[in-house]
Amino acid sequence: MGFEAHMRRALDLAREAAGDGEVPVGAVLLDGDGVVVAETRNRVEQLHNATAHAEMLALNAASESRDDWRLDGHTLVVTLEPCAMCAMAAVWSRLERIVYGAADPKAGAAWSLYNIPQDKRLNHRIELEAGVLADDSARLLEAFFEERR
68 MGFEAHMRRA LDLAREAAGD GEVPVGAVLL DGDGVVVAET RNRVEQLHNA
118 TAHAEMLALN AASESRDDWR LDGHTLVVTL EPCAMCAMAA VWSRLERIVY
168 GAADPKAGAA WSLYNIPQDK RLNHRIELEA GVLADDSARL LEAFFEERR
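Okay, here's the thing in structure tokens:
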């Protein structure tokens, strides 16, 4: 199953975030049938909440709509490699797969610094697919931070 179309939507959401002064990260969450159950973007500044990362908001929205915190069979498509908080939330949520665009060498916890989603010491492991439209994601982030310097 290709995830490029969903990553393009996540990139659109990331651009919306950047337009609002948020770090440009977008996320789309799919159920086991590939149906979009949540899509969101970073809202840390807007909500004044350090946990309002795109991934966390998508997991929360899906859990609320399903009335269940278990998201077995779901796939998270996100423009940037998840941080430790988001990676661990994905494990607790029992996601099947995380697909991400750009690696995050400073805070990435799904290969770059740590590999929380596949840590054998944890009770659940998640499939990872890295680098989907990575250049597009990286350019968006680079432009955002360049503009702020």
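Using the working numbering, count along the sequence shown one by one with no gaps and you end on 216.
Even glycine gets a Cβ: it sits at the ideal position worked out from N, Cα and C.
| Asked | Found |
| --- | --- |
| Beta-carbon proximity check, Ser-160 vs Leu-189, cutoff 8 Å | no |
| Start-end ranges of the beta strand (DSSP E) lying completely within the region 148–212, minimum 3 residues | 164–169 and 194–197 |
| Unbroken beta strand (DSSP E) run spanning Ala-105, endpoints | 103–108 |
| Gly-140 - DSSP class collapsed to helix/strand/coil | coil |
| Nearest to Gly-99 (by Cα), restricted to the options Gly-86, Val-145, Glu-89 and Leu-162 | Leu-162 |
| Per-residue DSSP class, three states only, for Ala-77 | helix |
| Span of the alpha helix (DSSP H) around Ala-117 | Premise fails: Ala-117 is in no alpha helix (DSSP H) and is neither H nor E. |
| Neighbour-count burial assignment, His-115, 16 or more Cβ in a 10 Å radius | exposed |
| Outcome for Glu-209 when other beta-carbon atoms lying within 10 angstroms are tallied against a minimum of 16 | exposed |
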